[in-house]
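Data first, discussion second: the structure below is written as structure tokens.
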Amino acid sequence: MYIFRHLVRFFSAFVGIVLVDTVVPGFSANSIGNAALVSLIIAGTGGLTELFLGRDISPFARGIIGILASASALPSASLLLPAFEVPLLGLVLVSLLVGMIDIFVPVGARFTE
18 MYIFRHLVRF FSAFVGIVLV DTVVPGFSAN SIGNAALVSL IIAGTGGLTE
68 LFLGRDISPF ARGIIGILAS ASALPSASLL LPAFEVPLLG LVLVSLLVGM
118 IDIFVPVGAR FTE
């Protein structure tokens, strides 16, 4: 179940980047490979954060982690990948989309004993 959390975050970031790339002017991923690489960075950043916080965190905390992981990974990816451009509106939309999906998609038991 723990891996499923990261797969959900990876796919939500990937879909969010591709959707925002088509909607927001100035946001440019330039290829599916760049979008997948940035999604992998977002999922990895969120996974490392959850590793430090523990496995049994609330859905709200997972959403905050998703927002912060996306908000930190997108600008750094635009510095590392020259073809990846992120305006502020695109950054906010992708971050909120990833965070909202992390909040509402159930990936584990709510109450563990």
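Numbering-wise, the sequence shown is residues 18 to 130 according to the numbering used here. Virtual Cβ for every residue (Gly too), placed ideally from N, Cα, C.
The C-beta distance from Ile84 to Leu113 rounds to 7 Å, short enough to meet the 8 Å contact threshold.
The beta carbon of Gly43 sits closer than 6 Å to those of Pro104, all from its chain and outside the five residues before and after it, given in chain order. DSSP places Ser95 in the helix class (H, G or I) of the three-state scheme. Counted as a single uninterrupted DSSP element, the alpha helix (DSSP H) harbouring Gly50 occupies residues Ile49 to Leu70. One thing to note: Ile34 has its Cβ within 8 Å of the Cβ of Ser56. If you look at Val122, you'll find it isn't in any alpha helix (DSSP H); DSSP assigns it neither H nor E.
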